[in-house]
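**Student:**
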Amino acid sequence: MPDLRLMKGNEAIAAAAIRCGCDAYFGYPITPQSEVMETLMDMRPWETTGMVVLQAESEIASINMVYGAASAGKRAMTSSSSPGVSLMAEGLSYLAGAELPCLVVNVSRGGPGLGTIQPSQADYFMATKGGGHGDFHLIVLAPASVQEMYDFVPLAFDLAFTYRNPAMILADGVIGQMMEKVELRPPRPRPTDEEMQKSVGSWAVTGKRNRRRNIITSVELDPAVHEKFNQKLQAKYAEIQEKEARYEELLCSDAQYLIVAYGISARIGQKAVELLRSEGVKAGLFRPITLYPFPAKSLAARARQLKGILCVELSAGQMVEDVRLSVESALPVAHFGRNGGIIHSPNEVAEAMKKLKTNCE
Amino acid sequence: MNIEEIVKPENLAYAKSKTLTDAPMHYCPGCSHGTVHKILAEAIEELGIQDKAVGIAPVGCAVMLYSYLDIDWVEAAHGRAPAVATGIKRTNPHLHVFAYQGDGDLAAIGTAEIIHACNRGENITVIFINNAIYGMTGGQMAPTTLLGMKTATTPQGRQANLNGYPFKVSELMAQLPGVSYVTRQAVHTPGAVRQAKRALKKAVEKAYAQKGTSFVEVVATCSSGWKLSPTEANRWMAENMLPFYPLGDLKDN
Amino acid sequence: MAKVRGAIVVDVEKCKGCEVCVVSCPVGVIALAQEVNGKGYRYAFMHQPDTCTGCASCALVCPDSVIAVYKVKIASSETIEKN
Amino acid sequence: MKEEIIIAGFGGQGVLSMGKILAYSGVMQGQEVTWMPSYGPEMRGGTANVTVILSRDRISSPIIHEFDTAIILNQQSLDKFEGAVKRGGLLLYDPNGITAPPARADVRVCRVAATEEAAKMGNAKIFNMIVLGAFLKVKPIVQLENVVKGLQKSLPERAHKLIPMNEQAILRGMEIVEG
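Chains as they are written, first to last, in this note's numbering: chain D, 235 to 595; chain Z, 4 to 256; chain W, 202 to 284; chain Y, 10 to 188.
This is the structure:
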C-alpha cells in the first residue's frame with residue numbers, strides 16, 4: 235500500500251527533505267513558503283534522521299550556512315521566495331564558483347521590489363540565466379504538482395551532487411500553497427561518515443585526516459588559470475544540457491498548436507488544451523520540467539509539425555525567449571501571461587490561443 | 004662556542020610550526036596577519052587538532068589565508084564567515100571551526116552574521132583582526148577607525164558627526180549570552196604574542212567544549228594603510244589604539 | 202656572562218626586513234643587513250651573535266615565521282674557561 | 010467523476026479545514042484531489058475561500074473560475090461566487106447573515122442552517138462539519154467512512170477523540186439540509 239497523504243506543496247518539500255536523507259536546512263521566513271521551515275520544525279528531524287534545521291537571521295545567512303554545510307559535503311538546502319532569493323544571489327554565485335552541490339527552493343511571488351505575495355513566474359530569468367555574478371548556471375527544476383514538489387527534492391540533490399553544482403526548485407505560490415495527494419516514497423537514510431568519505435572525501439572539508447587538505451574556494455588571481463576553470467564549468471554545463479533536459483508532452487502527437495508552459499501555468503495550460511480540443515482545435519501541451527537545461531532539442535523536434543506556439547507564463551514573457559531560440563523563429567511564437575499576482579484562467583489562455591490561430595491562418 | 008656548534012638539530016628551540024605551509028605570505032612587511040596566522044598554527048599544533056580543524060577565510064587581506072595553514076579551509080563571501088562556520092559546525096559537531104575575519108568583514112558588511120552567530124552561541128572560534136582600516140582596498144575607513152584617524156576616505160581624519168564613532172565590537176559581543184569567552188589581544192611584542200596564543204588556545208578549547216562562541220579580537224597594525232614603518236606602526240598602535248581598545252579578557256564564563 | 206648561548210637562522214629569501222625582530226630583541230643581537238635578498242628586502246641577521254640567549258622573542262614576533270632559534274645550555278666549567 | 014467546488018466564507022468559520030477534510034476524504038476514496046486556498050493578508054480576519062477539486066482522473070488546473078458547487082457562508086462570498094456556479098450546479102448556503110438570498114434559477118439552491126444548529130448543539134466549532142454533511146447529502150461524492158478516515162489522517166493523534174463528535178455533526182447536517 236502506498237503511503238498517501240494530502241499535503242501542501244511547501245509541506246511536501248519538507249517531508250521529502252527529511253525522507254530523502256537531507257542533512258541540513260537553513261532558512262528565513264517569507265510568504266508564500268514559510269510552511270517549509272514550519273513543517274520541518276514541527277517534524278523535529280534532528281531527533282530521528284539527525285537532520286539539522288536552523289532559522290537563520292536572513293536569506294544571506296541562510297545561503298552561506300548552506301555554503302558551509304555543502305563545503306563539508308553535506309546535503310544542505312534552503313527555501314525562500316523571490317525577494318529572498320535575490321538576497322541569495324551572491325551566495326549562489328559562490329556555490330557555483332566553488333562547485334558545491336546544494337538545493338535552493340524558490341516558491342516565487344510577484345515583483346519587482348516587495349511586489350506581492352501572490353503567485354508569479356517572473357523569476358525565470360533569475361533562475362535560469364545565473365541569478366548572480368559570473369558565468370554560471372543553476373540546475374533548475376519546475377514542479378507542476380505537489381507530488382513533483384516531493385519528488386524533485388531527491389532528484390535535485392542527486393543532480394547537484396552528480397555535477398557538483400547548486401540546483402533550484404523553481405515553484406510558485408500556487409504549487410507551494412495548494413494541497414494535493416502525495417505518495418511518500420520509501421525513505422533514504424542520510425549517508426554515513428564512511429559513505430561520505432567515499433563520495434565527497436576528495437573535495438569536502440571534513441578535517442584532513444589521512445589525506446591532503448581540501449580547500450573550498452572560488453578565488454583565483456591568475457587569469458590564465460581562471461579561464462581554464464571557467465572553461466571547465468562551461469564543459470560541465472554543456473554536459474548537463476546534453477544529458478539532463480526533462481519535459482512532458484500532453485496530446486502532442488497530432489497537435490498543430492502548442493502551449494508551452496511550466497509549473498502552475500502548465501496545469502492551467504492543460505485545462506486550456508482540454509477546452510480547445512472540445513472546440514476542435516488540435517492543441518497540445520509541452521511542459522519543460524527542467525528550465526535549465528531547457529529542453530530545446532525536443533521542443534524544436536516537436537515544432538516541425540506545428541503552426542504556432544503559445545508560451546504561457548505568469549510574467550511579462552521570460553521563458554518565451556528560450557522557446558523562440560529553440561525553434562529558431564521557424565514559426566510564430568506568441569506569449570500570454572498575467573502578472574503582478576493575477577493568475578490567468580484556462581479560458582483566457584484558450585482565447586489567446588484562438589487569437590494566435592487566427593493570425594496563423 | 005661558535006654558531007655552527009649551536010645551530011644543530013638537537014639544539015632547536017623554536018621553529019616555524021609544521022601546521023604552517025611553506026608558501027611565502029603575501030602580506031606587507033610587518034603585517035600582524037602573519038603573526039596571528041603563526042600563533043593560530045601553533046595553537047592547532049599544540050592542541051593536536053590539525054586533522055579536525057576547518058578554517059573559514061574572509062574577504063580582505065587574509066583572503067588567501069588558506070594558502071598558509073595546512074588544514075581544511077573554506078573561503079567565504081565578504082562578511083559571511085560566521086554563517087559559513089555555522090553551517091559547517093552544525094552539521095559536523097566533531098570539527099573545530101574557526102572564522103577568521105577583519106574589521107570590514109566582521110564589523111561592517113558582516114555585522115548581522117557575527118551578531119547572530121554569537122547570539123546563537125555557535126560553538127566556533129572567531130578571530131577578529133582589528134587594524135582600524137581597510138587594508139586590501141587601499142586604506143579606507145573601517146568601522147573601528149579611531150576618531151581623528153586619517154584614511155583614504157577620511158582624509159581630514161574621522162569625525163563623529165560625519166563618519167560615526169569607532170565600533171567597540173568585543174564590548175558588544177561580551178553582552179551576548181551565547182558568547183562564553185571574549186578577549187582582546189595584540190601581537191606587537193613577544194609578551195603579547197605569548198599571551199595571545201594562550202588566549203587563542205583557551206578560546207578553541209572552550210568552543211569545542213560547547214560552551215558557546217569564543218571571540219578573540221586582535222588589535223593589529225596595517226603599516227601600509229597607516230603609512231608608517233612596521234616598527235612605527237607597532238608603537239603607534241600601543242600609544243593610540245590600545246587606550247581605546249584595551250587588552251585583556253572581557254568575558255570568561 | 203650568559204649560561205645559555207643561542208643563535209638564530211633566518212630564512213633570508215622569505216624575510217621582508219620589517220625590523221620587528223630587531224626592536225624585540227632584548228639584547229640587541231639582530232640588525233638588518235646592508236645587502237638585500239631576491240625580493241629586494243634588507244634581511245635580518247645576527248649582528249652581535251655572541252649576546253644571543255636563544256630567548257626566541259624575535260621568532261615569536263616575526264610575522265613571516267622566518268626565524269629558527271637554537272639554544273644550548275653551557276656547562277659552568279666552560280663558562281669559567283671562557284672567562 | 011469530477012467535482013469542482015468553491016467553499017467561501019470569512020476567517021474563523023473553518024472554511025479551509027472543511028475543504029481539507031473533504032479533500033482528504035477524496036484521497037482515502039482513491040481520488041485525485043487539489044485544495045487551493047486564497048492566501049495572504051486577506052486571510053487575517055477577512056474573507057477566506059478554498060477551491061477543492063475531486064476527480065477520478067489527473068486534475069489539470071487547480072485554478073478555476075466556474076464551479077460545480079459553491080458552498081457559501083456569508084453575504085460577501087455569495088455576492089462574489091453566485092454567478093460562478095455552472096448551470097445545473099449546486100449552490101449551498103447558510104442563511105445566517107444573508108440579506109440578499111441567491112436568485113439564480115438555473116442552479117439547485119440548498120440551505121443549511123448550520124450556525125443555528127451548531128449553537129443548538131452547543132459547539133460552534135462543529136459548524137463546518139454540519140455544512141459538510143449537508144453537502145454530502147446533496148452530492149454523496151465521498152462515503153462517510155472515508156471522511157472519518159480522512160479525519161484520522163488529517164487530525165493530530167490528540168484530537169482523535171473529537172472524531173465521533175464531528176461525525177455526529179456531519180450526520181446532523183445531512184438531516185437538516187433543505188432544498
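Note that the Cβ used here is the ideal one computed from N, Cα and C, for glycine as well.
Since the structure is predicted, the reported quantities are computational estimates derived from the model, not experimental observations.
For D/N581 and chain Y, any beta-carbon pair shorter than 8 Å?
**Tutor:** D/N581 counts as touching chain Y.
**Student:** Distance cutoff 8 Å, beta carbons only. Does Z/Y103 sit that close to anything in chain W?
**Tutor:** Judged by the 8 Å Cβ criterion, Z/Y103 is not in contact with chain W.
**Student:** Three-state secondary structure (DSSP) at D/F528?
**Tutor:** Three-state DSSP puts D/F528 in coil, outside helix and strand.
**Student:** Below 8 Å on the Cβ atoms is my guess for W/Y242 versus W/G218; work out the distance and round it to an integer in Å.
**Tutor:** Correct: roughly 4 Å between the Cβ atoms.
**Student:** Do the CB positions of D/W437 and D/N448 come within less than 8 Å of each other?
**Tutor:** In this structure, D/N448 lies closer than 8 Å to D/W437 by Cβ.
**Student:** Less than 8 Å separating the beta-carbons of D/E417 and D/P236?
**Tutor:** Yes, Cβ-Cβ distance for D/E417 and D/P236 is below 8 Å.
**Student:** Please identify the residue among D/L484, D/M241, D/S549 and D/G407 whose C-alpha is closest to the C-alpha of D/P266.
**Tutor:** Closest by alpha carbon: D/G407.
**Student:** Suppose you measure from the CA of Y/I150 to the CA of Y/G142; what does that come to, to the nearest Å?
**Tutor:** Between Y/I150 and Y/G142, the C-alpha separation is close to 11 Å.
**Student:** Of the residues D/L590, D/G574 and D/V583, which one's Cα is nearest the Cα of D/P346?
**Tutor:** The candidate whose alpha carbon is nearest that of D/P346 is D/G574.
**Student:** For W/I281, I'd like the list of residues in its chain whose CB is within less than 7 Å of its CB, leaving aside the five on either flank, ordered along the chain.
**Tutor:** Because the pLDDT at W/I281 is just 49, under 50, the model does not fix this residue reliably, and the value given afterwards should be weighed accordingly. If we look at W/I281 and ignore the five residues flanking it on each side, it has no Cβ neighbours.
**Student:** For chain Z, check one thing: does any of its Cβ atoms lie closer than 8 Å to the Cβ of W/V273?
**Tutor:** Judged by the 8 Å Cβ criterion, W/V273 is in contact with chain Z.
**Student:** Report the neighbours of Z/L89 on chain D: residues whose CB is nearer than 7 Å to its CB, in chain order.
**Tutor:** Strictly speaking, residue 89 of chain Z in this sequence is Thr, with Leu absent from that position. Those within 7 Å of Z/T89 in chain D are M299 and G302.
**Student:** Just grab the DSSP bridge partners of Y/T60 for me.
**Tutor:** Y/I15 and Y/M45.
**Student:** Is the shortest distance between the beta-carbon of W/A260 and the beta-carbons of chain Z less than 8 Å?
**Tutor:** Interface residue, yes.
**Student:** How would you call Z/H36, buried or exposed, if buried means at least 16 neighbouring beta carbons within 10 angstroms?
**Tutor:** Classification for Z/H36: buried.
**Student:** In whole angstroms, what separates the C-alpha of W/K159 from that of D/T283?
**Tutor:** Missing from the structure shown is residue 159 of chain W; chain W here goes from 202 to 284 and no further.
**Student:** Count the other CB atoms, across all protein chains shown, that sit within 10 Å of the CB of D/T362; report buried if there are 16 or more and exposed otherwise.
**Tutor:** By the neighbour-count rule (16 or more Cβ atoms within 10 Å), D/T362 is buried.
**Student:** Starting from the beta carbon of Z/V66, find every residue of chain W whose beta carbon is closer than 8 Å, and list them in chain order.
**Tutor:** Those do not exist, as Z/V66 stays about 17 Å from chain W at its closest Cβ, beyond 8 Å.
**Student:** Which ranges does the alpha helix (DSSP H) cover as unbroken runs of at least 4 residues, wholly within the region 438 to 478 of chain D, from first to last along the chain?
**Tutor:** The qualifying runs are 457 to 477.
**Student:** What's the C-alpha gap between Z/Y168 and Z/V219?
**Tutor:** The straight-line gap from Cα to Cα measures roughly 21 Å.
**Student:** Could you check what DSSP says for Z/L253 in three-state terms: helix, strand or coil?
**Tutor:** Strand at Z/L253.
**Student:** So, helix, strand or coil for Z/E8, using DSSP?
**Tutor:** Three-state result, Z/E8: helix.
**Student:** For Z/H99, list the residues DSSP reports as bridge partners.
**Tutor:** In the DSSP output, where bridge partners are listed per residue, Z/H99 has Z/A56.
**Student:** How many angstroms separate the CA atom of Z/H191 from the CA atom of W/P264?
**Tutor:** If you take the alpha carbons of Z/H191 and W/P264, they lie about 10 Å apart.
**Student:** When you compare the CB positions of Z/V172 and Z/L109, do they come within less than 8 Å of one another, or not?
**Tutor:** Closer than 8 Å, so yes.
**Student:** Thinking Z/H97 and Z/K55 are a contact (beta carbons under 8 Å), I'd like their distance in whole angstroms, please.
**Tutor:** That pair is a contact at about 6 Å.
**Student:** Using DSSP with H/G/I as helix, E/B as strand and the rest coil, what is Z/R197?
**Tutor:** DSSP places Z/R197 in helix when its eight states are reduced to three.
**Student:** Could you tell me the alpha carbon to alpha carbon distance between D/H578 and Z/I59, rounded to whole angstroms?
**Tutor:** Whole-angstrom Cα-Cα distance: 48 Å.
**Student:** Between the Cα of D/C596 and those of D/A290, D/Y301 and D/K308, spot the shortest distance and give me the residue it belongs to.
**Tutor:** An answer regarding residue 596 of chain D cannot be provided, because it is not within the stretch 235 to 595 covered by chain D.
**Student:** What three-state label does DSSP hand W/C253 in the structure shown?
**Tutor:** Three-state result, W/C253: coil.
**Student:** Residues of chain Y with CB under 8 Å from D/E483, in chain order?
**Tutor:** Going along chain Y, no residue has its Cβ under 8 Å from D/E483, so there is no contact; the nearest lies around 14 Å.
**Student:** State the DSSP-derived secondary structure class of Z/G82, mapped to helix, strand or coil.
**Tutor:** Reduced to three states, the DSSP call for Z/G82 is coil.
**Student:** Could you please give me the residues that DSSP links to D/V515 through a beta bridge?
**Tutor:** According to DSSP, which records beta bridges pairwise, D/V515 is partnered with nothing at all.
**Student:** Can you name, in chain order, every residue of its own chain whose Cβ lies under 6 Å from the Cβ of Z/D255, other than the five neighbours on each side?
**Tutor:** The answer, listed in chain order, is Y184.
**Student:** If we cut at 8 Å on Cβ distances, does Z/K83 have a partner in chain D?
**Tutor:** Position check: residue 83 of chain Z holds Arg in this sequence, whereas Lys was assumed. Interface residue, yes.
**Student:** Note down, in chain order, every chain Y residue with its Cβ under 7 Å from the Cβ of D/R501.
**Tutor:** Here the neighbours are S69, S70 and P71.
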